[in-house]
Amino acid sequence: MSESKKWDWDTSEELIATPSEWKTKFARVQEPYVSPDGKKVAAIARNEDGTYTACVNGEAWENTYENMWNLRFGPDGRLTAIVSEAGEWTLAVDGVPWENKFAYVWDTKFNEDGQTIAVKIQQDTRYGLAVNDQPWENLFEHIGKYVMTPDGQYMAAAVQAVPLGQAEVFKFKDEGTWTVAVNGNAWEKIFTNVWGLDCSPDGKHVAAEVRMGLYDYTIAMDGEMWPEKFNCVWEPVFRPKTSEALATAPVRAAGKWTLAVNGKPVWDSKFVQCWHQTYSPDGRKLAAIVAPSFGQWTVAIDGKLWATTFNELVTDLTFSPDGNRLAAIAKDDGHWKIVVDGTPWPAMYDMVWPPVFSPDGSKVASKVEKGGKYTIALNGKPWRECEALWNPVFSPDGKKVLVRCIEDGKYYRRIVPISEF
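For the sequence shown, this note's numbering begins at 391 and goes up steadily by one.
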(Lines of atoms letter the chains of each structure in order from A and count residues from 1; the text may use other names and numbers.)
(Lines give C-alpha, C1' and ligand atoms only; values in the text may rest on other atoms or scores of the structure.)
Protein backbone atom coordinates (compact mmCIF):
# COMPACT_ATOMS: atom_id res chain seq x y z
CA MET A 1 0.00 0.00 0.00
CA SER A 2 2.88 2.41 0.71
CA GLU A 3 4.08 2.05 -2.89
CA SER A 4 0.59 2.55 -4.32
CA LYS A 5 0.34 5.97 -2.66
CA LYS A 6 2.93 7.18 -5.19
CA TRP A 7 0.99 5.93 -8.22
CA ASP A 8 -1.08 7.98 -10.64
CA TRP A 9 -4.68 7.73 -9.42
CA ASP A 10 -5.98 10.71 -11.43
CA THR A 11 -5.59 9.69 -15.10
CA SER A 12 -8.82 7.85 -15.88
CA GLU A 13 -7.56 6.02 -18.98
CA GLU A 14 -4.22 5.47 -20.70
CA LEU A 15 -3.49 3.43 -23.81
CA ILE A 16 -0.05 2.15 -22.82
CA ALA A 17 0.82 -0.13 -25.77
CA THR A 18 -0.60 -2.45 -28.42
CA PRO A 19 0.84 -5.92 -27.72
CA SER A 20 -1.01 -7.41 -30.71
CA GLU A 21 1.32 -5.43 -33.02
CA TRP A 22 4.49 -6.85 -31.44
CA LYS A 23 4.09 -10.05 -33.43
CA THR A 24 5.06 -8.11 -36.55
CA LYS A 25 8.38 -7.07 -34.95
CA PHE A 26 9.50 -10.46 -33.66
CA ALA A 27 9.49 -14.10 -34.71
CA ARG A 28 7.58 -15.01 -31.56
CA VAL A 29 6.03 -13.16 -28.61
CA GLN A 30 5.07 -14.89 -25.36
CA GLU A 31 2.35 -13.96 -22.85
CA PRO A 32 2.38 -10.39 -21.48
CA TYR A 33 3.05 -9.26 -17.91
CA VAL A 34 2.23 -5.88 -16.39
CA SER A 35 3.92 -3.78 -13.71
CA PRO A 36 2.20 -3.29 -10.34
CA ASP A 37 1.35 0.34 -11.14
CA GLY A 38 0.06 -0.60 -14.60
CA LYS A 39 2.40 1.77 -16.44
CA LYS A 40 4.32 -1.01 -18.22
CA VAL A 41 3.40 -4.12 -20.18
CA ALA A 42 6.13 -6.55 -21.22
CA ALA A 43 6.64 -9.91 -22.90
CA ILE A 44 9.50 -12.22 -23.81
CA ALA A 45 10.20 -11.96 -27.55
CA ARG A 46 12.32 -14.07 -29.90
CA ASN A 47 14.17 -12.31 -32.70
CA GLU A 48 14.52 -13.70 -36.23
CA ASP A 49 18.12 -14.71 -35.45
CA GLY A 50 16.92 -16.90 -32.57
CA THR A 51 18.04 -14.63 -29.73
CA TYR A 52 15.68 -13.48 -26.98
CA THR A 53 14.86 -10.12 -25.48
CA ALA A 54 12.06 -8.43 -23.56
CA CYS A 55 9.66 -6.03 -25.23
CA VAL A 56 8.47 -3.32 -22.83
CA ASN A 57 5.74 -0.94 -23.99
CA GLY A 58 6.75 -1.79 -27.54
CA GLU A 59 10.49 -1.21 -27.08
CA ALA A 60 13.00 -4.08 -26.92
CA TRP A 61 15.76 -4.35 -24.34
CA GLU A 62 19.13 -3.37 -25.81
CA ASN A 63 20.71 -6.68 -24.75
CA THR A 64 19.74 -10.01 -26.30
CA TYR A 65 20.24 -13.50 -24.87
CA GLU A 66 20.49 -17.13 -25.94
CA ASN A 67 17.42 -17.94 -23.89
CA MET A 68 15.05 -16.24 -21.49
CA TRP A 69 12.24 -17.24 -19.13
CA ASN A 70 10.38 -16.30 -15.94
CA LEU A 71 9.70 -12.67 -16.84
CA ARG A 72 8.54 -10.89 -13.66
CA PHE A 73 7.97 -7.34 -12.45
CA GLY A 74 9.09 -6.61 -8.91
CA PRO A 75 7.07 -4.54 -6.43
CA ASP A 76 9.17 -1.48 -7.35
CA GLY A 77 8.36 -1.84 -11.05
CA ARG A 78 11.72 -3.21 -12.20
CA LEU A 79 11.47 -5.99 -14.78
CA THR A 80 13.46 -9.19 -14.26
CA ALA A 81 14.06 -12.26 -16.39
CA ILE A 82 16.20 -15.37 -16.07
CA VAL A 83 18.58 -15.35 -19.05
CA SER A 84 21.42 -17.42 -20.51
CA GLU A 85 24.64 -16.21 -22.11
CA ALA A 86 27.40 -18.49 -23.43
CA GLY A 87 25.77 -21.49 -21.78
CA GLU A 88 25.55 -19.87 -18.34
CA TRP A 89 22.50 -18.49 -16.55
CA THR A 90 21.89 -15.33 -14.55
CA LEU A 91 19.22 -12.73 -13.79
CA ALA A 92 18.69 -9.63 -15.91
CA VAL A 93 17.14 -6.58 -14.24
CA ASP A 94 15.69 -3.98 -16.60
CA GLY A 95 17.80 -5.56 -19.33
CA VAL A 96 21.12 -5.53 -17.47
CA PRO A 97 22.46 -8.98 -16.46
CA TRP A 98 24.04 -9.68 -13.11
CA GLU A 99 27.82 -10.00 -13.23
CA ASN A 100 27.77 -13.46 -11.61
CA LYS A 101 26.83 -16.37 -13.86
CA PHE A 102 25.74 -19.88 -12.85
CA ALA A 103 25.08 -23.34 -14.26
CA TYR A 104 21.37 -22.73 -13.65
CA VAL A 105 19.03 -20.18 -12.04
CA TRP A 106 15.37 -20.39 -11.03
CA ASP A 107 12.66 -19.34 -8.52
CA THR A 108 12.92 -15.53 -8.42
CA LYS A 109 11.62 -13.84 -5.25
CA PHE A 110 11.34 -10.20 -4.17
CA ASN A 111 11.14 -8.61 -0.76
CA GLU A 112 8.27 -6.27 0.11
CA ASP A 113 9.63 -3.13 -1.57
CA GLY A 114 11.39 -4.96 -4.42
CA GLN A 115 14.88 -3.75 -3.54
CA THR A 116 16.07 -7.26 -2.67
CA ILE A 117 15.91 -9.92 -5.39
CA ALA A 118 16.87 -13.55 -4.79
CA VAL A 119 17.11 -16.64 -6.99
CA LYS A 120 18.04 -20.27 -6.49
CA ILE A 121 21.32 -21.20 -8.15
CA GLN A 122 23.27 -24.29 -9.13
CA GLN A 123 27.02 -24.11 -9.64
CA ASP A 124 29.41 -27.08 -9.95
CA THR A 125 26.59 -29.42 -8.80
CA ARG A 126 26.15 -27.35 -5.60
CA TYR A 127 23.04 -25.37 -4.71
CA GLY A 128 22.18 -22.18 -2.85
CA LEU A 129 20.85 -18.67 -3.29
CA ALA A 130 22.11 -15.53 -4.98
CA VAL A 131 20.84 -12.26 -3.51
CA ASN A 132 21.25 -9.00 -5.43
CA ASP A 133 23.98 -10.62 -7.56
CA GLN A 134 25.85 -12.05 -4.55
CA PRO A 135 25.87 -15.87 -4.24
CA TRP A 136 25.91 -17.48 -0.85
CA GLU A 137 29.44 -18.28 0.29
CA ASN A 138 28.27 -21.76 1.34
CA LEU A 139 26.57 -23.97 -1.23
CA PHE A 140 24.89 -27.33 -0.56
CA GLU A 141 24.05 -30.72 -2.04
CA HIS A 142 20.52 -29.61 -2.87
CA ILE A 143 18.02 -26.88 -2.04
CA GLY A 144 14.28 -26.93 -1.37
CA LYS A 145 11.87 -24.15 -0.50
CA TYR A 146 13.18 -20.76 0.58
CA VAL A 147 11.66 -17.64 2.16
CA MET A 148 12.80 -14.12 2.93
CA THR A 149 11.82 -11.48 5.47
CA PRO A 150 9.81 -8.45 4.30
CA ASP A 151 12.88 -6.22 4.60
CA GLY A 152 14.98 -8.65 2.54
CA GLN A 153 17.73 -8.91 5.14
CA TYR A 154 17.26 -12.59 5.96
CA MET A 155 16.84 -15.67 3.74
CA ALA A 156 16.10 -19.17 4.99
CA ALA A 157 16.16 -22.30 2.84
CA ALA A 158 15.74 -26.03 3.26
CA VAL A 159 19.06 -27.55 2.16
CA GLN A 160 20.66 -30.96 1.89
CA ALA A 161 23.84 -30.43 3.89
CA VAL A 162 25.13 -34.02 4.00
CA PRO A 163 26.18 -35.88 0.82
CA LEU A 164 24.25 -39.06 0.12
CA GLY A 165 25.57 -41.89 -2.01
CA GLN A 166 23.28 -43.85 -4.29
CA ALA A 167 23.08 -46.84 -1.95
CA GLU A 168 23.13 -44.99 1.38
CA VAL A 169 19.46 -45.48 2.18
CA PHE A 170 20.12 -46.12 5.87
CA LYS A 171 22.16 -42.93 6.15
CA PHE A 172 19.15 -41.02 4.87
CA LYS A 173 16.75 -42.81 7.22
CA ASP A 174 18.82 -43.06 10.39
CA GLU A 175 21.16 -40.07 10.31
CA GLY A 176 19.42 -37.55 8.05
CA THR A 177 20.86 -35.25 5.42
CA TRP A 178 18.71 -32.09 5.48
CA THR A 179 18.75 -28.92 7.55
CA VAL A 180 17.98 -25.19 7.28
CA ALA A 181 20.42 -22.53 6.09
CA VAL A 182 19.92 -18.90 7.12
CA ASN A 183 21.79 -16.42 4.93
CA GLY A 184 23.93 -19.36 3.83
CA ASN A 185 24.80 -20.63 7.32
CA ALA A 186 23.41 -24.08 8.11
CA TRP A 187 21.95 -25.19 11.40
CA GLU A 188 24.05 -27.81 13.19
CA LYS A 189 21.04 -30.09 13.63
CA ILE A 190 20.43 -32.54 10.76
CA PHE A 191 17.00 -34.00 9.92
CA THR A 192 15.67 -36.76 7.70
CA ASN A 193 13.61 -34.17 5.80
CA VAL A 194 12.95 -30.45 5.86
CA TRP A 195 10.05 -28.97 3.89
CA GLY A 196 8.14 -25.70 4.34
CA LEU A 197 9.55 -22.97 6.55
CA ASP A 198 8.97 -19.41 7.69
CA CYS A 199 10.98 -16.49 9.05
CA SER A 200 9.71 -14.31 11.86
CA PRO A 201 9.04 -10.77 10.55
CA ASP A 202 12.18 -9.43 12.27
CA GLY A 203 14.32 -12.26 10.89
CA LYS A 204 15.51 -13.37 14.33
CA HIS A 205 13.81 -16.77 14.17
CA VAL A 206 13.18 -19.49 11.59
CA ALA A 207 10.76 -22.42 11.91
CA ALA A 208 10.50 -25.43 9.60
CA GLU A 209 8.49 -28.63 9.24
CA VAL A 210 10.85 -31.56 9.74
CA ARG A 211 10.89 -35.35 9.96
CA MET A 212 13.15 -37.52 12.10
CA GLY A 213 13.38 -41.16 11.09
CA LEU A 214 10.41 -42.63 9.26
CA TYR A 215 7.48 -41.63 11.41
CA ASP A 216 8.22 -38.67 13.70
CA TYR A 217 7.20 -35.23 12.47
CA THR A 218 7.49 -31.93 14.30
CA ILE A 219 8.52 -28.28 13.94
CA ALA A 220 12.10 -27.14 14.46
CA MET A 221 12.72 -23.53 15.44
CA ASP A 222 16.22 -22.08 15.33
CA GLY A 223 17.62 -25.60 15.13
CA GLU A 224 15.73 -26.95 18.17
CA MET A 225 12.82 -29.34 17.73
CA TRP A 226 9.54 -29.03 19.56
CA PRO A 227 9.49 -31.71 22.30
CA GLU A 228 6.17 -32.93 20.93
CA LYS A 229 6.15 -35.39 18.04
CA PHE A 230 3.22 -35.89 15.66
CA ASN A 231 1.97 -38.27 12.97
CA CYS A 232 2.36 -35.41 10.48
CA VAL A 233 2.75 -31.62 10.37
CA TRP A 234 2.34 -28.91 7.77
CA GLU A 235 4.28 -25.73 7.12
CA PRO A 236 4.57 -23.30 10.08
CA VAL A 237 3.97 -19.56 10.15
CA PHE A 238 4.95 -16.99 12.75
CA ARG A 239 2.38 -14.86 14.51
CA PRO A 240 2.89 -11.20 13.51
CA LYS A 241 2.88 -8.13 15.75
CA THR A 242 4.37 -9.82 18.80
CA SER A 243 7.77 -9.75 20.46
CA GLU A 244 7.50 -13.49 21.18
CA ALA A 245 8.60 -16.16 18.72
CA LEU A 246 5.29 -17.97 18.23
CA ALA A 247 5.45 -20.58 15.46
CA THR A 248 2.04 -21.93 14.46
CA ALA A 249 1.59 -25.16 12.51
CA PRO A 250 -1.08 -27.74 11.66
CA VAL A 251 -0.35 -31.00 13.48
CA ARG A 252 -1.90 -34.46 13.27
CA ALA A 253 -2.31 -36.68 16.31
CA ALA A 254 -4.65 -39.60 16.98
CA GLY A 255 -5.95 -39.38 13.43
CA LYS A 256 -7.14 -35.75 13.61
CA TRP A 257 -5.67 -32.36 12.72
CA THR A 258 -5.57 -29.13 14.72
CA LEU A 259 -3.29 -26.09 15.14
CA ALA A 260 -0.43 -25.90 17.62
CA VAL A 261 1.69 -22.95 18.75
CA ASN A 262 5.20 -23.84 19.89
CA GLY A 263 4.08 -27.45 20.20
CA LYS A 264 0.89 -26.90 22.24
CA PRO A 265 -2.60 -27.16 20.67
CA VAL A 266 -4.38 -23.79 20.56
CA TRP A 267 -7.73 -25.00 19.21
CA ASP A 268 -9.99 -27.52 20.90
CA SER A 269 -11.49 -28.34 17.50
CA LYS A 270 -10.18 -31.33 15.54
CA PHE A 271 -10.52 -31.89 11.79
CA VAL A 272 -10.02 -34.45 9.04
CA GLN A 273 -7.60 -31.91 7.52
CA CYS A 274 -6.25 -28.50 8.57
CA TRP A 275 -3.74 -26.37 6.68
CA HIS A 276 -2.89 -22.99 5.11
CA GLN A 277 -3.23 -21.21 8.45
CA THR A 278 -3.25 -17.42 8.21
CA TYR A 279 -3.06 -14.70 10.85
CA SER A 280 -4.87 -11.39 10.60
CA PRO A 281 -2.47 -8.48 10.02
CA ASP A 282 -2.61 -7.52 13.71
CA GLY A 283 -2.01 -11.14 14.78
CA ARG A 284 -5.16 -11.31 16.90
CA LYS A 285 -7.12 -13.77 14.74
CA LEU A 286 -6.05 -17.12 13.34
CA ALA A 287 -7.81 -18.81 10.42
CA ALA A 288 -7.18 -22.05 8.54
CA ILE A 289 -8.65 -24.11 5.74
CA VAL A 290 -10.18 -27.22 7.28
CA ALA A 291 -12.15 -30.34 6.39
CA PRO A 292 -14.69 -31.06 9.16
CA SER A 293 -15.56 -34.30 7.36
CA PHE A 294 -14.06 -36.20 4.43
CA GLY A 295 -14.46 -34.29 1.14
CA GLN A 296 -16.06 -31.21 2.73
CA TRP A 297 -14.03 -28.01 3.02
CA THR A 298 -14.56 -24.75 4.85
CA VAL A 299 -12.73 -22.17 6.99
CA ALA A 300 -12.20 -22.07 10.74
CA ILE A 301 -11.51 -18.76 12.50
CA ASP A 302 -10.12 -19.16 16.00
CA GLY A 303 -11.46 -22.70 15.87
CA LYS A 304 -15.02 -21.76 14.84
CA LEU A 305 -16.31 -23.01 11.48
CA TRP A 306 -18.01 -21.13 8.70
CA ALA A 307 -21.54 -22.46 8.27
CA THR A 308 -21.04 -23.24 4.56
CA THR A 309 -18.96 -26.14 3.24
CA PHE A 310 -17.67 -26.87 -0.27
CA ASN A 311 -17.12 -30.28 -1.84
CA GLU A 312 -13.92 -29.67 -3.88
CA LEU A 313 -11.58 -27.15 -2.27
CA VAL A 314 -11.01 -23.87 -0.45
CA THR A 315 -7.90 -21.77 -1.05
CA ASP A 316 -6.37 -18.26 -0.88
CA LEU A 317 -7.47 -17.10 2.57
CA THR A 318 -7.30 -13.30 2.71
CA PHE A 319 -7.92 -11.11 5.77
CA SER A 320 -9.04 -7.51 5.43
CA PRO A 321 -6.43 -4.94 6.54
CA ASP A 322 -8.23 -4.42 9.87
CA GLY A 323 -8.57 -8.17 10.41
CA ASN A 324 -12.35 -8.03 10.84
CA ARG A 325 -13.27 -9.79 7.60
CA LEU A 326 -12.05 -12.86 5.74
CA ALA A 327 -12.41 -13.92 2.11
CA ALA A 328 -11.44 -17.07 0.23
CA ILE A 329 -11.79 -18.93 -3.05
CA ALA A 330 -13.94 -22.05 -3.08
CA LYS A 331 -14.80 -24.70 -5.66
CA ASP A 332 -18.07 -26.59 -5.38
CA ASP A 333 -19.63 -28.97 -7.91
CA GLY A 334 -17.17 -27.80 -10.57
CA HIS A 335 -17.86 -24.08 -10.11
CA TRP A 336 -15.51 -21.45 -8.68
CA LYS A 337 -16.78 -18.92 -6.13
CA ILE A 338 -15.63 -16.02 -4.00
CA VAL A 339 -16.66 -16.47 -0.37
CA VAL A 340 -16.68 -13.53 2.06
CA ASP A 341 -17.22 -14.08 5.78
CA GLY A 342 -18.64 -17.51 5.03
CA THR A 343 -21.17 -16.35 2.41
CA PRO A 344 -20.52 -17.13 -1.29
CA TRP A 345 -21.21 -14.50 -3.90
CA PRO A 346 -24.30 -15.52 -5.93
CA ALA A 347 -22.38 -15.72 -9.22
CA MET A 348 -20.38 -18.82 -10.18
CA TYR A 349 -17.37 -18.67 -12.50
CA ASP A 350 -15.10 -20.81 -14.68
CA MET A 351 -12.14 -19.45 -12.69
CA VAL A 352 -11.49 -16.85 -10.00
CA TRP A 353 -8.32 -15.22 -8.66
CA PRO A 354 -7.35 -14.23 -5.10
CA PRO A 355 -9.75 -11.70 -3.54
CA VAL A 356 -8.53 -8.20 -2.63
CA PHE A 357 -9.96 -6.02 0.16
CA SER A 358 -10.27 -2.25 0.06
CA PRO A 359 -8.21 -0.44 2.73
CA ASP A 360 -11.23 -0.08 5.04
CA GLY A 361 -12.33 -3.68 4.45
CA SER A 362 -15.81 -2.75 3.22
CA LYS A 363 -15.27 -3.91 -0.37
CA VAL A 364 -13.89 -7.06 -1.98
CA ALA A 365 -12.74 -7.29 -5.60
CA SER A 366 -11.53 -10.24 -7.66
CA LYS A 367 -10.51 -11.04 -11.21
CA VAL A 368 -12.96 -13.63 -12.57
CA GLU A 369 -13.43 -15.59 -15.80
CA LYS A 370 -16.61 -16.81 -17.45
CA GLY A 371 -17.05 -18.07 -20.99
CA GLY A 372 -13.47 -17.20 -21.93
CA LYS A 373 -13.86 -13.53 -20.97
CA TYR A 374 -12.43 -11.75 -17.95
CA THR A 375 -13.73 -9.02 -15.69
CA ILE A 376 -13.41 -7.53 -12.21
CA ALA A 377 -16.20 -8.34 -9.78
CA LEU A 378 -16.60 -5.96 -6.83
CA ASN A 379 -18.78 -7.18 -3.96
CA GLY A 380 -20.17 -9.63 -6.52
CA LYS A 381 -21.01 -7.02 -9.17
CA PRO A 382 -19.14 -7.41 -12.50
CA TRP A 383 -17.44 -4.68 -14.52
CA ARG A 384 -17.22 -4.97 -18.30
CA GLU A 385 -15.55 -7.91 -20.05
CA CYS A 386 -11.96 -7.89 -21.38
CA GLU A 387 -9.69 -10.15 -23.45
CA ALA A 388 -7.07 -10.23 -20.70
CA LEU A 389 -6.96 -8.80 -17.21
CA TRP A 390 -4.75 -8.58 -14.13
CA ASN A 391 -5.64 -8.51 -10.45
CA PRO A 392 -7.37 -5.33 -9.26
CA VAL A 393 -5.72 -2.82 -6.91
CA PHE A 394 -7.67 -0.42 -4.68
CA SER A 395 -6.56 3.19 -4.36
CA PRO A 396 -5.26 4.18 -0.90
CA ASP A 397 -8.57 5.93 -0.13
CA GLY A 398 -10.58 2.93 -1.36
CA LYS A 399 -12.65 5.02 -3.78
CA LYS A 400 -11.08 3.79 -7.03
CA VAL A 401 -9.80 0.57 -8.59
CA LEU A 402 -6.78 0.19 -10.86
CA VAL A 403 -7.83 -1.98 -13.80
CA ARG A 404 -5.07 -3.30 -16.08
CA CYS A 405 -6.59 -4.92 -19.14
CA ILE A 406 -6.29 -5.78 -22.83
CA GLU A 407 -9.12 -4.95 -25.22
CA ASP A 408 -8.92 -5.44 -28.99
CA GLY A 409 -5.21 -6.22 -28.68
CA LYS A 410 -4.49 -2.94 -26.85
CA TYR A 411 -3.30 -2.65 -23.27
CA TYR A 412 -5.10 -0.03 -21.17
CA ARG A 413 -4.47 1.31 -17.70
CA ARG A 414 -7.74 2.53 -16.21
CA ILE A 415 -8.69 4.13 -12.91
CA VAL A 416 -12.31 3.14 -12.33
CA PRO A 417 -14.44 4.80 -9.61
CA ILE A 418 -16.23 2.40 -7.28
CA SER A 419 -19.53 3.91 -8.44
CA GLU A 420 -19.04 2.35 -11.92
CA PHE A 421 -19.36 -1.19 -10.58
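Each residue gets a CB set at the ideal place from its N, CA and C atoms; glycine is no exception.
- Look at the beta carbons and you see the region 560 to 572 not touching the region 618 to 636: under three pairs across the two are nearer than 8 Å.
- In chain order, 409, 431, 432, 433, 778, 796 and 801 place their CB closer than 8 Å to the CB of residue 422, counting only its own chain and leaving out the 5 sequence neighbours on each side.
- Closest in alpha carbon position to residue 642, among 634, 661 and 755, is 661.
- Per DSSP, residue 499 is one residue of the beta strand (DSSP E) stretching across 494 to 500.
- Counting along the chain, residue 518 sits inside the beta strand (DSSP E) bounded by residues 516 to 521.
- Around residue 454, the same chain offers 441 and 443 as residues with beta carbons nearer than 6 Å, after the five sequence neighbours per side are excluded.
- Taking 9 Å as the cut-off, the Cβ atoms of residue 524 and residue 501 do not count as close.
- At least 9 Å separates the beta-carbon of residue 677 from that of residue 636.
- The beta carbon of residue 395 is closer than 7 Å to those of 786 in its chain, skipping five residues each way along the sequence.
- When DSSP states are grouped into helix, strand and coil, residue 759 belongs to the strand group.
- Under the criterion of beta carbons closer than 8 Å, residue 628 and residue 600 do not qualify as touching, at roughly 16 Å.
- Checking the DSSP bridge columns, you'll see residue 690 partnered with 678 and 695.
- DSSP places residue 409 in the helix class (H, G or I) of the three-state scheme.
- Secondary structure of residue 559 (DSSP, three-state): helix.
- Residue 737 is not bridged by DSSP to any residue.
- Around the beta carbon of residue 605, fewer than 16 other beta carbons lie within 10 angstroms, which makes this residue exposed.
- Minimum Cα-Cα distance from residue 703 among the listed residues 615, 681 and 644 corresponds to 681.
- Around the beta carbon of residue 518, 16 or more other beta carbons lie within 10 angstroms, which makes this residue buried.
- Leaving aside the five residues that flank residue 759 on each side, the residues in its chain whose CB is nearer than 7 Å to its CB run, in chain order, 739, 740 and 741.
- A residue is called buried when at least 16 other Cβ atoms come within 10 angstroms of its Cβ; residue 567 meets this threshold and is buried.
- Closest in C-alpha terms to residue 696, from the list 713, 729, 711 and 804, comes 729.
- In the displayed model, residue 580 falls within coil according to three-state DSSP, outside both helix and strand.
- Taking a cut-off of 8 Å on C-beta distances, the region 547 to 554 touches the region 580 to 594, as three or more cross pairs fall below it.
- Per the DSSP secondary-structure output, residue 524 pairs in a beta bridge with 521.
- Remark: C-beta atoms of residue 708 and residue 718 approach each other more closely than 9 Å.
- From the listed residues 776, 753 and 772, the smallest Cα separation to residue 763 is found for 776.
- Residue 652 counts as buried, since at least 16 other C-beta atoms from the protein chains shown sit within 10 angstroms of its C-beta.
- If you look at residue 667, you'll find it in the beta strand (DSSP E) that goes 663 to 669.
- Residue burial annotation: residue 671 is exposed, with fewer than 16 other C-beta atoms found within 10 angstroms of its C-beta.
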